[in-house]
Amino acid sequence: MIGFLRGVLIDKQPPSLLLDVQGVGYEVEAPMTTFYDLPPVGESVALFTHLAVREDAHTLYGFGKASDRSLFRSLIKVNGVGARLALTILSGMQASEFVLCVQVGDTASLVKLPGVGKKTAERLVVEMRDKLSDWGGGAGVAGGLAATARPDVVNPVEEAVSALMALGYKAHEASRLVRAIDARNLSTEDIIRAALQSSVS
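Numbering-wise (this note's numbering), the sequence shown opens with residue 251 and increments by one.
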């Protein structure tokens, strides 16, 4: 099991990133809440990881905080919630916001996330409330992440739309969310953050 990686960030195209760890390139999928805190390409980054093994694929998921990885692992244990939906949930709201929704039974906010219907929201509340009763924020990897915008983005609007589609939004929904934002001088990550915030507000 690969539980932790530290290396040089080679590329980041939400929701995927490429990490060079002593000459070995690791492809990692991460929620947008982790992407927001990634350093520029070419700098060092550290991630807590979870390796999902299926017959047709081995997929590595990365998180800036151990608590986010723990929440991801709890999510994929819920009936009907796979890794892709868990990643979408963690991209649509901060872990602390999700935990609060579960603890107070706020299914209305959960169903605003792409891929989460009423039954899934209710199942999340029922199955995870006890598991999250003592949940704490958790610290990030020391020295691992530095908040910054991604440099040299060719077309952040198009990248943002593509990233939202990868997170489960329909093409027209992704385009509508991005068009509603004043994207001038914004990085891809900033556009995605604004779009996700507007979709759950």
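Ideal Cβ placement from N, Cα and C applies to all residues, glycine included.
Could you compute how far the alpha carbon of residue i sits from the alpha carbon of residue j?
{"i": "glycine 332", "j": "glutamine 272", "result": "31 Å"}
{"i": "serine 320", "j": "glycine 365", "result": "21 Å"}
{"i": "leucine 457", "j": "proline 265", "result": "Because the chain in this structure spans residues 251 to 451, residue 457 falls outside the shown range and cannot be described."}
{"i": "aspartate 287", "j": "glycine 314", "result": "8 Å"}
{"i": "leucine 269", "j": "proline 281", "result": "15 Å"}
{"i": "leucine 382", "j": "alanine 345", "result": "11 Å"}
{"i": "leucine 259", "j": "isoleucine 431", "result": "28 Å"}
{"i": "valine 349", "j": "threonine 357", "result": "12 Å"}
{"i": "cysteine 351", "j": "methionine 343", "result": "10 Å"}
{"i": "valine 407", "j": "leucine 374", "result": "32 Å"}
{"i": "serine 449", "j": "aspartate 261", "result": "27 Å"}
{"i": "proline 290", "j": "serine 324", "result": "30 Å"}
{"i": "alanine 316", "j": "phenylalanine 322", "result": "10 Å"}
{"i": "alanine 335", "j": "alanine 424", "result": "Just to set this straight, residue 335 is leucine in the shown sequence, not alanine. Leucine 335 and alanine 424: Cα-Cα distance of roughly 17 Å."}
{"i": "methionine 415", "j": "alanine 421", "result": "6 Å"}
{"i": "cysteine 276", "j": "glycine 367", "result": "Note that residue 276 corresponds to tyrosine in the displayed sequence, not to cysteine. Answer to the nearest angstrom: the Cα atoms are 33 Å apart."}
{"i": "lysine 369", "j": "glycine 330", "result": "10 Å"}
{"i": "asparagine 405", "j": "arginine 426", "result": "17 Å"}
{"i": "alanine 433", "j": "glycine 355", "result": "34 Å"}
{"i": "valine 467", "j": "serine 359", "result": "In the structure as shown, the chain starts at 251 and stops at 451, and residue 467 therefore has no counterpart that could be examined."}
Once you ignore the five residues that flank residue i on each side, which residues in its own chain have a CB closer than 6 Å to its CB?
{"i": "alanine 410", "result": "Val428, Thr438, Ile441, Ile442"}
{"i": "valine 257", "result": "Note that residue 257 is glycine in the sequence shown here, rather than valine. Closer than 6 Å at the Cβ level, and outside the excluded window around glycine 257, lie Leu269, Asp270, Val271."}
{"i": "alanine 444", "result": "Ile431"}
{"i": "aspartate 318", "result": "Ala345"}
{"i": "alanine 413", "result": "Pro264, Ile442"}
{"i": "serine 341", "result": "Pro281, Met282, Leu417"}
Going by C-alpha to C-alpha distance, which of the options sits closest to residue i?
{"i": "leucine 301", "options": "Gly292, Ser346, Ile326, Arg426", "result": "Ile326"}
{"i": "valine 295", "options": "Gly312, Val303, Val361", "result": "Gly312"}
{"i": "glutamine 353", "options": "Asp380, Ile339, Val328", "result": "Asp380"}
{"i": "glutamine 447", "options": "Gly330, Arg334, Glu347, Leu335", "result": "Glu347"}
{"i": "phenylalanine 254", "options": "Gly275, Tyr276, Leu297, His308", "result": "Leu297"}
{"i": "alanine 307", "options": "Val278, Ser317, Val361, Lys420", "result": "Val278"}
{"i": "glutamine 263", "options": "Gly355, Phe285, Ser449, Tyr276", "result": "Phe285"}
{"i": "glutamate 293", "options": "Leu360, Leu267, Arg304", "result": "Leu267"}
Which same chain residues, not among the five before or five after residue i, have their C-beta less than 7 Å away from its C-beta?
{"i": "isoleucine 252", "result": "Thr299, Leu301, Leu310"}
{"i": "threonine 338", "result": "Leu363, Pro364, Gly365, Leu417, Gly418"}
{"i": "valine 361", "result": "Gly367, Lys368, Ala371"}
Contact check, residue i vs residue j under 8 Å by CB: the rounded distance?
{"i": "glutamate 377", "j": "valine 328", "result": "5 Å"}
Jot down the residue ranges of each uninterrupted alpha helix (DSSP H) in the region 415 to 450, minimum 4 residues, whole runs only, in chain order. 421 to 429, 438 to 450
Please go through the region 253 to 328 and give each complete beta strand (DSSP E) segment of 3 or more residues, from N-terminal end onward. 254 to 263, 266 to 271, 274 to 279, 294 to 303, 308 to 313
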